[in-house]
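Report on the structure given below.
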Amino acid sequence: MSFDLAARLAARRAENLYRQRPLLESPQGPEVVVDGQPLLAFCNNDYLGLANHPQVIEAWRAGATRWGVGGGASHLV
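Under our numbering, the letters of the sequence shown match residues 11 to 87, in that order.
As structure tokens, this is what we get:
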């Protein structure tokens with residue numbers, strides 16, 4: 011079975027079915043800026059606006075300093 015990704019993508023573009031995420035011009039949060047326009051973001055998990063909260067950021071920094079960062083793995087594998 012052959013699969014021509016470039017051709018499939020070109021076909022999707024020609025049919026206006028190619029999806030592309032817009033680039034955010036602001037930090038993630040309940041409100042974002044896209045193409046210079048402020049918008050409400052319904053596509054993220056930061057609906058409480060905590061991702062950029064100073065205390066959350068500092069707690070993350072402290073945890074990263076103490077424990078490091080990384081993807082890790084399941085302990086049961």
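Glycine included, every Cβ here is placed at the ideal spot set by N, Cα and C.
All figures in this text were calculated on a predicted structure; none of them were measured in a lab.
- Just to confirm, are G78 and N62 a CB contact at a threshold of 8 Å? The residue you call residue 78 lines up with position 68 of the sequence shown. The residue you call residue 62 lines up with position 52 of the sequence shown. No, they are not a contact pair.
- Answer with buried or exposed for V43, where buried requires no fewer than 16 other C-beta atoms within 10 angstroms of its C-beta. In the sequence shown, residue 43 corresponds to position 33, counting from 1. Exposed.
- Query: Where does the unbroken beta strand (DSSP E) through V43 begin, and where does it stop?
  - Reply: Mapped onto the sequence shown, residue 43 falls at position 33. 41-44 is the span of the beta strand (DSSP E), which, as asked, contains V43.
- Query: Is DSSP giving L60 helix, strand or coil here?
  - Reply: As a first step, residue 60 must be located in the sequence shown, where it is residue number 50. Assigned with DSSP and collapsed to three states, L60 falls in coil, not helix or strand.
- What does a CB cutoff of less than 7 Å around R76 pick up in its chain, not counting 5 residues either side in sequence? Here residue 76 refers to the residue found at position 66 of the sequence shown. None.
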